[in-house]
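Trainee: Can you keep this structure in mind? I'll have questions shortly.
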Amino acid sequence: MDDERSVHSLPPFRMGMRTCWVIDHPAHFQLFRQWFRDDDILVVTERQELDAMLAEGFNQHILRVPRVQGTFLQKVGLGRSREKAVRSFLQTNPVFRVISKGAPFELRAAKGLAAERWYLTDTEVNTAAHKLAKATHVLLPESWEGSLKATHTYPGILPQAYVPLNTQAWESGKGQVQRQIGLSEDDLVVFHRKLAGDGIHDTPEIVNYDQVIRKMEVHFVENKESAAATDGSAWELPVQATLFDGVLTGSTTLAAEAVVQGVPTLLISKAKRGFLTYLADQSHFFHWNEDDLFDGRFTEMANHWMDTMRSTRTSGRAPVIDETREALFELFGQPIS
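Plus 26 on top of the position in the sequence shown (first one is 1) and you've got the numbering used here.
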């Protein structure tokens, strides 16, 4: 790998660079879609939300691959199967570069077939993937807290590169959700997504908060991954969160997407991420990372989160602004769409 360099020291982006984009998670689709060229190819993991997102229709040649999950031996078998399928796909569809976020098998498959193999991650605990990836370029946030060494960095959080910052939509629509579900406009309505825990690294990070949130004086609207296949919400998920007074979740991705847009967010998770440390000084972000939810300190944090939702109704929302978009544009080129 190269010595770490600022994106500002890179040569100009070369047009016509055919790319294989690896889509292992809905947020990866949200992020990478803006750079898709018609002659690019896609490797897309088999999972419900990605099925729904693909239903929109794409011109690119697409390979579907199994999700790597289960026991250690199952993961090894699925990984090998995935690597073999991708290598055959790349031999038939040559590319100059492969860009993957947190998925190493495509980069291993591309060794000797693609001149550039980009590995992006913001998940420090996914050390197995870090070791497996055969990357020529490693792109990490400046807030990275792991041992993996970067060749290139970006300044903030990846949702900043794909989430539209439209606080006016919420300002003009305040109270709309309450009216639709028959509540008083004074009631707090919260967007809630519970983490399923079947991801490759998130199971040890889950905190069971079901019992304690029932006592909160808010109305929760549930959003489940399985619903995306039928209600068409997969592409709109990050923006949907802005329609509510706040967000409560165990998902670090959804939490970051919401905080970026200025939504008062309570993340209940033992997850440790550099990008969560980066967001920690945002007054509308609250992170509880312990199992004990009956601790008075949690009650204090939850009350502060609810007070912030109320005050934000009058003071307005403050989105998180950084230069992540510009940094990625210098690396991958200006967006196509």
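Positions of the beta carbon are idealized from the N, C-alpha and C atoms, including for glycine.
Assign Arg351 to one of three DSSP states: helix, strand, or coil.
Mentor: The count along the sequence shown starts at 1 and reaches residue 351 at position 325. Residue state, collapsed to three classes: helix.
Trainee: Relative to the C-alpha of Thr279, which candidate in Met43, Trp47, Phe55 and Arg44 has its C-alpha closest?
Mentor: For the purposes of this step, residue 279 is taken as residue 253 along the sequence shown, with counting starting at 1. It is Phe55 whose Cα lies nearest to the Cα of Thr279.
Trainee: Just to confirm, are Leu305 and Phe312 a CB contact at a threshold of 7 Å?
Mentor: Working through the sequence shown from its first residue, we reach residue 305 at position 279. Working through the sequence shown from its first residue, we reach residue 312 at position 286. Taking 7 Å as the Cβ cut-off, Leu305 and Phe312 do not qualify as a contacting pair.
Trainee: Can you tell me which of the three DSSP states Val265 falls into?
Mentor: The count along the sequence shown starts at 1 and reaches residue 265 at position 239. Val265 falls in the helix class under three-state DSSP.
Trainee: Any idea what DSSP makes of Phe62, helix, strand or coil?
Mentor: Taking the first residue of the sequence shown as 1, we reach residue 62 at position 36. It is coil, neither helix nor strand.
Trainee: Using the three-state DSSP reduction, which class does Leu139 fall into: helix, strand or coil?
Mentor: Reading the sequence shown from its first residue, position 113 is the one you call residue 139. If DSSP states are grouped into helix, strand and coil, Leu139 belongs with coil.
Trainee: Work out the CA separation of Ser114 and Val247 for me, nearest whole Å.
Mentor: Here residue 247 refers to the residue found at position 221 of the sequence shown. Here residue 114 refers to the residue found at position 88 of the sequence shown. Distance between the alpha carbons of Val247 and Ser114: 44 Å.
Trainee: Distance, Cα to Cα, Gly209 vs Pro167?
Mentor: Residue 209 sits at position 183 when you count from the first residue of the sequence shown. Residue 167 sits at position 141 when you count from the first residue of the sequence shown. For clarity, residue 209 is Leu in the given sequence; the question names Gly instead. Their backbone Cα atoms lie some 41 Å apart in a straight line.
Trainee: Count Cβ pairs between the region 238-246 and the region 202-222 that sit closer than 8 Å; are there 3 or more?
Mentor: Yes: at least three Cβ pairs fall under 8 Å.
Trainee: I want to see whether chain C comes within less than 7 Å of Ile239, judged by CB atoms only; does it?
Mentor: Here chain C cannot be found, since the structure has a single protein chain.
Trainee: Give me the residue from Glu132, Ser198 and Lys127 with the minimum Cα distance to Val121.
Mentor: As a working mapping, residue 121 is identified with position 95 in the sequence shown. Among Glu132, Ser198 and Lys127, the Cα nearest to that of Val121 is on Glu132.
Trainee: Is Gln186 closer than 7 Å to Val285 when the C-beta atoms are compared?
Mentor: Indexing the sequence shown from 1 puts residue 285 at position 259. Indexing the sequence shown from 1 puts residue 186 at position 160. Not closer than 7 Å, so no.
Trainee: DSSP beta-bridge partners for Gly417?
Mentor: Because the chain in this structure spans residues 27 to 363, residue 417 falls outside the shown range and cannot be described.
Trainee: Classify Asp317: buried if its beta carbon has 16 or more other beta carbons within 10 angstroms, exposed otherwise.
Mentor: Here residue 317 is taken as the residue at index 291 of the sequence shown, counted from 1. That one is exposed.
Trainee: On a Cα-Cα basis, can you pick out the residue from Thr153, Leu184 and Val164 that is closest to Gly172?
Mentor: Indexing the sequence shown from 1 puts residue 172 at position 146. Nearest of Thr153, Leu184 and Val164 to Gly172, Cα basis: Thr153.
Trainee: Suppose you measure from the CA of Ile347 to the CA of His330; what does that come to, to the nearest Å?
Mentor: Within the sequence shown, residue 347 is the residue found at index 321, counting from 1. Within the sequence shown, residue 330 is the residue found at index 304, counting from 1. Spanning the two alpha carbons is a distance of roughly 23 Å.
Trainee: Leaving aside the five residues before and after His34 along the sequence, list all residues of the same chain whose C-beta is less than 6 Å from its C-beta, in chain order.
Mentor: Residue 34 sits at position 8 when you count from the first residue of the sequence shown. Legend: pLDDT at His34 = 37, less than 50; position of this residue unreliable, value from coordinates given subsequently. The answer is none, since no qualifying residue turns up.
Trainee: Beta-carbon within less than 6 Å of Trp196's beta-carbon, same chain only, minus the 5 sequence neighbours each way: which residues are those?
Mentor: Translated into positions along the sequence shown, residue 196 becomes position 170. Same-chain partners within the cutoff: Thr268.
Trainee: Can you tell me whether Pro190 is buried or exposed, with buried defined as 16 or more other CB within 10 angstroms of its CB?
Mentor: Against the sequence shown, residue 190 aligns to sequence position 164. Exposed, because fewer than 16 other Cβ atoms sit within 10 Å of the Cβ of Pro190.
Trainee: Run through DSSP, which three-state label would Leu80 get?
Mentor: Taking the sequence shown and counting its residues from 1, the one referred to as residue 80 is at position 54. Residue state, collapsed to three classes: helix.
Trainee: Per DSSP, what kind of secondary structure is Ser341 in: helix, strand or coil?
Mentor: Here residue 341 refers to the residue found at position 315 of the sequence shown. Looking at Ser341 - three-state DSSP - the assignment turns out to be helix.
Trainee: Judging by CA-CA distance, which residue of Gly288, Val91, Thr179 and Ala328 is the nearest neighbour of His163?
Mentor: Counting from one through the sequence shown, the residue named residue 163 turns up at place 137. Checked all of Gly288, Val91, Thr179 and Ala328; the closest Cα to His163 is Thr179.
Trainee: Within the same chain, show all residues whose beta-carbon is closer than 7 Å to that of Arg351, passing over the 5 residues directly before and after it, in chain order.
Mentor: The count along the sequence shown starts at 1 and reaches residue 351 at position 325. For Arg351, where only same-chain residues beyond five positions count, the Cβ hits under 7 Å are Gln186 and Ala187.
Trainee: Note down the Cα distance separating Ala22 from Ser126, rounded to an integer number of angstroms.
Mentor: Given that the chain is displayed from residue 27 to residue 363, the structure contains no residue 22 and the question cannot be resolved.
Trainee: Do you know whose CA, among Phe98, Leu99 and Val112, lies nearest Val91's CA?
Mentor: Indexing the sequence shown from 1 puts residue 91 at position 65. The shortest Cα separation from Val91 among Phe98, Leu99 and Val112 belongs to Val112.
Trainee: Among the residues of its own chain, which have a CB less than 6 Å from the CB of Ile294, if the five just before and after it don't count?
Mentor: As a working mapping, residue 294 is identified with position 268 in the sequence shown. Cβ neighbours of Ile294 beyond the five flanking positions: Val233, Tyr235, Gly276 and Trp314.
Trainee: Ends of the alpha helix (DSSP H) at Leu280?
Mentor: For the purposes of this step, residue 280 is taken as the residue at position 254 of the sequence shown. Residues Thr278 to Val286.
Trainee: Starting from the Cα of Phe204, find the closest Cα among Arg323, Arg106 and Phe270 and give me that residue.
Mentor: Working through the sequence shown from its first residue, we reach residue 204 at position 178. In the sequence on display, residue 204 carries Gln and not Phe. Selected option, being the one with the closest Cα: Phe270.
Trainee: Return helix, strand or coil for His310, following the three-state DSSP convention.
Mentor: Residue 310 sits at position 284 when you count from the first residue of the sequence shown. Here His310 sits in coil by DSSP.
Trainee: Could you check whether Asp66 and Ala129 sit closer than 7 Å to each other, using their CB atoms as the reference points?
Mentor: Residue numbering aside, residue 129 sits at position 103 when the sequence shown is read from its first letter. Residue numbering aside, residue 66 sits at position 40 when the sequence shown is read from its first letter. No, these two residues do not count as a Cβ contact at 7 Å.
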